[in-house]
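Residue numbers (the numbering used here), protein chains in the order written: chain A, 586 to 1077; chain B, 6 to 520; chain C, 67 to 558.
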């Protein structure tokens, strides 16, 4: 008899875990901080397993708690798992990154600061999980803030490095700016419809005697914040600098976790407003600009971290194509693929940056020094570029599938050009690893846990490239409007 | 035809044993020779166009291999290439002609086309073009003007090869083919006229050139061209029998002359310039006698075979086309002239070099084929002999004029040569135009360079710089440049970022709300 | 059985990467594969229609996406070509100084990709297998190439990536144009399914497919990637790519584009004829202008693609059969030519035609082999190329013939025939410059091909001669498949 767990208890568990970690770290003197991290990973893994034993949910978007703020529909559960997995992998990266963190803290006590470093992502994780379930603007705002504030600290964690501090300040200011617009937009929408719950807003908007312009205005402002989160043009300006300055595992977390949660919220928020044709045009325009900016600006980059920053903008563009075609399945699959390949590339980057730095030139001759790392990076780059038989290809396949089905010709043409661009800058790394002679020699040590994680990611990328069914099955039970539209579109 | 090919082929094989004894590429030579026999016999035995074409090309290939046998010599390598390429041009026309005849009649088998030929004759223009295209192939193989340029250069190959290929068999293949597909060619009067004229022009032109050449093999090569012209002329005058008769006799005496030349060349240690020979009648008696027979046959002196076959063609021309007849007669005169010149300079008089003085007769293995061929050249003109193999042409009336005129031309030619070249030590005349072969090779070189060469350079340039550097690299460079521009937006200044942020919001609102 | 043939190279590549002795494993795998394909050839029953040796595994039943493989006459000869050339190219690989294992692994991946693509009966895996070869090509040219290898590697990879992407869009459009109930990825069922596509949609689909496949085959004017790539690639890579991989595009046109969207094919015939004449005449002249042997061979392979396209465009049984046989024949001859050219480069260090000369004296075997290859390429009877070319010419001339005037196809045939003169010009010129003539002093000590290298050469020549003397064996295999395409009205 398997005890069925309430979905709400998941986040609560995670929050409690975070607080426990902080307390352990504060009150127990001689504990190896790495144990803390490992314990956190283990605990999160347990929570992950627990998501498979949840109490069944009647239907999509039906609120299950918190004054109808919270839902536990399949989409939410899926992205909770997504957030948990991301956090686990990021924590593994953080363990590798620990020496750098140590260097940036004054003080004689060893491993100072590491406890917080390991504990903060757990709070962020809780915030991401809340974002996945939020169906009310208030909840969206609160969870968004939880995530953002934890990121404020994380981004500027290694504060001895001026670049990090600069990144932190930029992130703080611009994010605060976007949040301000978010709240303002929520106010406008509330003013027009009198509701903050998305479902009720949808039914309110169905009345035609409403002030559409005002609602649209409110939506645009809300989209400012969401655009900030997902790094869409014109709100992507913070991305290169912040990504480059932040500690690498935090960059990875920002790139994957924050973006995915942003997209989930975007999908949910857009649904009531899709009755306005202007909204679709807006999304298409933003997608085109994002694609162009992200891919073209990445071409001349020589710093891998910055390149990955631009690449994350580019991928936001592809995801926006999926959003414009209202294909939730494509977006979700692409996000999963994105998780795998981005985190894989970042994990390799973390190891290399400890040794050398994060320029592309630091990867020269990697194939000779560590064939395993080079291969891992090769798979990651191939998947990011969209080479078939990798998950990244399947993601792009689904996105362009939806685009063709919706006859979005502009998006298709721009997408084709950008795919070609992508090949260039991703293959630049491959070229460095395999063709260029190595500057230094000697093998590079990789911890067992990292190796395990990287191998798992490689296998997952190739597995999903050949057999994507696993993900589709996970999305199957949904019959909510978002998913129905996707399936319907395929059968047109 | 079959007997001709195998017979002469056998003789050449035996001869080659002696000629190529000291050559290091012997195995390559004999392999190619056998391959050539295979291809040639294929042409003879083919009963449809495609098979014919297949063996046609194979003959071209094997002749490439054999002309270029001594490929380390630049001249030989170039000659082989020239031969193959010229033949390829002919093959182009030939294949086109095959396609054109295939479509209306629905078949490529000779036997099946003949009853269907009315489907083609319906359109005389179409028929004429088809016939001329097919002739194109023959023109290349039989070295007719303007595709004759490869034959003289092909003399770079070993002499037995010249004898077999460029005297007896391969070049005859063109004529043979024309006779084979006569059902197409003879159906079109226009085509016949063109063919006859081309043959005549070739005959006259090459005879003129031959009078001024100094290399023994070149003279014989141009003589071959000339005689081939006669054969093609006969085809054009719609008498297959006359053409085949001349082909038959020509094979014998030309092979004989070439082999004789080969004996001389080998015994004089690979000397080919006639002005370095002389007085060889004493030193190489068998060669001398055999070559005399061959020469007389070539000139058309009775009772040798050449007289009968050439006479048949002349009679034909007299009956059917007067201008051609006159030119043919003139060519006969020239033939006599240059052959006599050759003979006098090489065999008579005094030896001009020590090498010539001390030469000996060729070995038995080489002289035996000479003797056999001499006998054949002598008798093959007579009816009782030739009837075994061919249909002898006979005109309705035996016009006495033709043989008389022919004989007078012969005597005139021999006489003038004797007068001019007796006891000369070097060439007294120098007619540059003829010596340089009417500058046709130079013209072709220029022509090919200015058309093909120019096109090649132009397209090469276009591909490298317009398509590749311009379009392809332009696109990629442009994209890259645009990207470099975009990255400049990241100025690093927080206030600027906030400003851009706000600007973005304003634009978004503007485009959503107000447009 | 078929699965074994497909996966042997891939498994061998993985084994080599894991540490098996590189050359031995690769050789064994290729020989084994060749024997298997010969067995399949012997066991193949040409009389019955349909596909043989079929095996199928479901991947995504909703979309009718299964991993299905099978053979008919056409794919059988392509398979044979692939296995023969793989063996030759693996055998010709010289001693590699760096990353020896990676070299053989890359070769085998390309081979496996090609074989998988030819054997695939499912649209998705057909595409995916071909893409498997993309990154190995990039690495092969970039790491072990010569000359301007970096630029060549970039060019080919990005160009082919764009081409493949356009192809993907075409395939997706094809799938989506089929009415919902009949949709399938299975190529066997697609013929009936595709008959329901309206003609105007067929035009767009065909155009995309033509462009996509055309780029992959170096159709004029999308050909500029080919000569540079082949000139810079190491000889085994050039052999595999020019000989086998390029044929994928042609195979795709034959298998998919022409039968499935015939109205589209009909509509765009004019365009195709113009472009293919560009291949034959324009590229023919460019080839004459080349001063280096490797560039000349690269351009010549582009030129010969024009003949194959001519066969396709003629849209009758004769022309198409000729084109299919020419695919096989050309693959063999170009592989041989590149192999010898590679050996020349290795032994003399240069491929500039003016610098070479007289090599026939010191390298008689190589001279003979190159001569045979050259004459095969220009269509000398006795080799398979002639049989194929003559069928193409007859088929092309046949189309739309009228006695009164020459139409489009007759003019195309004339120009195509002139191509045999052009090809003779450049091949013989090259042969003359390289192998004939007086030998300069510096080449007096060049060594000829040794015993073990003579084996693959003999293999290639034997195959060319065998199928040149018995082309009926091919025609018998291939015709039944094509008869179904042209079951409609036929002039003769």
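We put the beta carbon where it would ideally sit given N, CA and C, even for glycine.
Would you mind stating whether residue 352 of chain B and residue 293 of chain B have Cβ atoms separated by less than 8 Å? Translated into positions along the second chain, residue 352 of chain B becomes position 347. Translated into positions along the second chain, residue 293 of chain B becomes position 288. For residue 352 of chain B and residue 293 of chain B, yes; Cβs fall inside 8 Å.
Given a threshold of 16 other Cβ atoms within 10 Å of its Cβ, counted over all protein chains shown, does residue 530 of chain C qualify as buried or as exposed? Within the third chain, numbered from 1, the residue matching residue 530 of chain C stands at position 464. It counts as buried.
Exposed or buried, what is residue 604 of chain A when buried is set at 16 or more other beta-carbons lying within 10 Å of its beta-carbon? Residue mapping note: residue 604 of chain A aligns to position 19 of the first chain, counting from 1. So residue 604 of chain A counts as exposed.
Between residue 1001 of chain A and chain B, is any beta-carbon pair separated by less than 8 Å? By 1-based counting over the first chain, the position of residue 1001 of chain A is 416. Not closer than 8 Å to any Cβ of chain B, the Cβ of residue 1001 of chain A fails to qualify, so no.
Please report how far the alpha carbon of residue 347 of chain C lies from the alpha carbon of residue 485 of chain C, in whole angstroms. In the third chain, the residue the question calls residue 347 of chain C occupies position 281. In the third chain, the residue the question calls residue 485 of chain C occupies position 419. So the alpha carbons of these two residues sit roughly 6 Å apart.
Helix, strand or coil, according to DSSP, for residue 1064 of chain A in the structure here? Looking up residue 1064 of chain A in the first chain gives position 479. Unreliable placement is indicated for residue 1064 of chain A, whose pLDDT of 38 sits below 50; the coordinate value is still reported in the next sentence. Coil at residue 1064 of chain A, not helix or strand.
Let me confirm a value: residue 215 of chain C is counted as buried when at least 16 other C-beta atoms fall within 10 Å, else exposed. Which label applies? Residue mapping note: residue 215 of chain C aligns to position 149 of the third chain, counting from 1. Buried.
With H, G and I counted as helix, E and B as strand and the rest as coil, what does DSSP make of residue 513 of chain C? Start at 1 with the first residue of the third chain, and residue 513 of chain C comes out as number 447. Here residue 513 of chain C sits in coil by DSSP.
Using Cβ-Cβ distances below 7 Å, what residues of the segment 481-502 of chain B are close to chain A? 484, 485, 487, 488, 489, 491, 492, 495, 497, 499 and 502
If residue 499 of chain C and residue 422 of chain C are in contact, beta carbons under 8 Å, what's the gap, nearest whole angstrom? The residue you call residue 499 of chain C lines up with position 433 of the third chain. The residue you call residue 422 of chain C lines up with position 356 of the third chain. Residue 499 of chain C to residue 422 of chain C, Cβ: 6 Å. Contact.
Closest residue to residue 429 of chain C among C:448, C:519 and C:207 (Cα-Cα distance): On the third chain, residue 429 of chain C is found 363 positions in, with the first residue counted as 1. For the residues C:448, C:519 and C:207, the minimum Cα distance to residue 429 of chain C belongs to C:519.
Going by beta-carbon coordinates alone, are residue 918 of chain A and residue 980 of chain A separated by less than 8 Å? As a working mapping, residue 918 of chain A is identified with position 333 in the first chain. As a working mapping, residue 980 of chain A is identified with position 395 in the first chain. Yes; because the gap between Cβ atoms is below 8 Å, this pair is in contact.
What is the residue span of the beta strand (DSSP E) that residue 121 of chain C lies within? Sequence index remark: in the third chain, residue 121 of chain C carries index 55 (1-based). Per DSSP, residue 121 of chain C belongs to the beta strand (DSSP E) from 118-126.
List the residues of chain A whose Cβ lies closer than 8 Å to the Cβ of residue 518 of chain B, in chain order. Taking the first residue of the second chain as position 1, residue 518 of chain B is located at position 513. The contacting residues are 798, 801, 802 and 805.
Any C-beta of chain A within less than 7 Å: which residues of the segment 190-201 of chain C qualify? 193, 194, 197, 198, 200 and 201
Could you tell me the alpha carbon to alpha carbon distance between residue 244 of chain C and residue 982 of chain A, rounded to whole angstroms? By 1-based counting over the third chain, the position of residue 244 of chain C is 178. By 1-based counting over the first chain, the position of residue 982 of chain A is 397. Rounded to the nearest angstrom, the two C-alpha atoms are 18 Å apart.
Would the segment 987-1001 of chain A and the segment 902-915 of chain A be scored as touching if the rule is three or more Cβ pairs under 8 Å? yes
Residues near residue 504 of chain C by beta carbon distance below 8 Å, same chain, minus five either side: As a working mapping, residue 504 of chain C is identified with position 438 in the third chain. Here the set comprises 423 and 424.
Tell me the DSSP secondary structure of residue 614 of chain A in three-state form. Numbered from its first residue, the first chain carries residue 614 of chain A at position 29. Note: residue 614 of chain A maps to coil in three-state DSSP.
Nearest by alpha-carbon distance to residue 851 of chain A: which of A:808, A:617 and A:685 is it? Here residue 851 of chain A corresponds to residue number 266 of the first chain, with the count starting at 1. Taking only the C-alpha atoms, the option nearest residue 851 of chain A is A:808.
According to the neighbour-count rule (16 or more other Cβ atoms, all chains shown, within 10 Å of its Cβ), is residue 92 of chain B buried or exposed? Taking the second chain and counting its residues from 1, the one referred to as residue 92 of chain B is at position 87. Residue 92 of chain B comes out buried.
Bridge partner(s) assigned by DSSP for residue 131 of chain C: Residue numbering aside, residue 131 of chain C sits at position 65 when the third chain is read from its first letter. Note: residue 131 of chain C sits in a beta bridge opposite C:126.
With 8 Å set as the bound, which would you pick, yes or no: does the beta-carbon of residue 25 of chain B sit closer than that to a beta-carbon of chain C? Indexing the second chain from 1 puts residue 25 of chain B at position 20. Not one chain C Cβ lies under 8 Å of residue 25 of chain B.
Name, going along the chain, the residues of the segment 222-235 of chain C whose beta-carbon falls closer than 8 Å to a beta-carbon of chain A. 223, 224, 227, 228, 231, 232, 234 and 235
Residues near residue 190 of chain C by beta carbon distance below 7 Å, same chain, minus five either side: Mapped onto the third chain, residue 190 of chain C falls at position 124. The residues are 131 and 251.
Hey, out of B:512, B:25, B:327 and B:385, whose CA is closest to residue 163 of chain B's CA? In the second chain, the residue the question calls residue 163 of chain B occupies position 158. Among B:512, B:25, B:327 and B:385, the Cα nearest to that of residue 163 of chain B is on B:25.
Report the neighbours of residue 242 of chain C on chain A: residues whose CB is nearer than 7 Å to its CB, in chain order. Against the third chain, residue 242 of chain C aligns to sequence position 176. Within 7 Å Cβ-Cβ: 989 and 990.
So the candidates are B:336, B:19 and B:6; which of them puts its Cα closest to the Cα of residue 210 of chain B? Here residue 210 of chain B is taken as the residue at index 205 of the second chain, counted from 1. It is B:336 whose Cα lies nearest to the Cα of residue 210 of chain B.
Check whether residue 222 of chain C and residue 207 of chain C have beta carbons under 8 Å apart: Taking the third chain and counting its residues from 1, one reaches residue 222 of chain C at position 156. Taking the third chain and counting its residues from 1, one reaches residue 207 of chain C at position 141. Contact: yes.
According to the neighbour-count rule (16 or more other Cβ atoms, all chains shown, within 10 Å of its Cβ), is residue 222 of chain B buried or exposed? Numbered from 1 along the second chain, position 217 holds the residue referred to as residue 222 of chain B. So residue 222 of chain B counts as buried.
So, is the C-beta of residue 960 of chain A closer than 8 Å to a C-beta in chain B? Working through the first chain from its first residue, we reach residue 960 of chain A at position 375. Not closer than 8 Å to any Cβ of chain B, the Cβ of residue 960 of chain A fails to qualify, so no.
Start and end of the alpha helix (DSSP H) containing residue 480 of chain C? As a position in the third chain, residue 480 of chain C is number 414, starting the count at 1. Counting along the chain, the alpha helix (DSSP H) containing residue 480 of chain C begins and ends at 474-501.
Would you identify the three-state DSSP class for residue 186 of chain C, choosing helix, strand or coil? If you number the third chain from 1, residue 186 of chain C lands on position 120. Reduced to three states, the DSSP call for residue 186 of chain C is strand.
Using only CA atoms, which one of B:242, B:245, B:177 and B:152 lies nearest to residue 207 of chain B? The residue labelled residue 207 of chain B in the question sits at position 202 within the second chain. Residue B:152 is the option with its Cα nearest to residue 207 of chain B.
What is the DSSP secondary structure of residue 532 of chain B, reduced to helix, strand or coil? What is shown of chain B runs 6 to 520, which leaves residue 532 of chain B out entirely.
Helix, strand or coil for residue 644 of chain A per DSSP? The residue labelled residue 644 of chain A in the question sits at position 59 within the first chain. Any answer about residue 644 of chain A is weak, because its pLDDT of 49 lies below 50 and its placement is not dependable; what the coordinates show is given next. DSSP places residue 644 of chain A in coil when its eight states are reduced to three.
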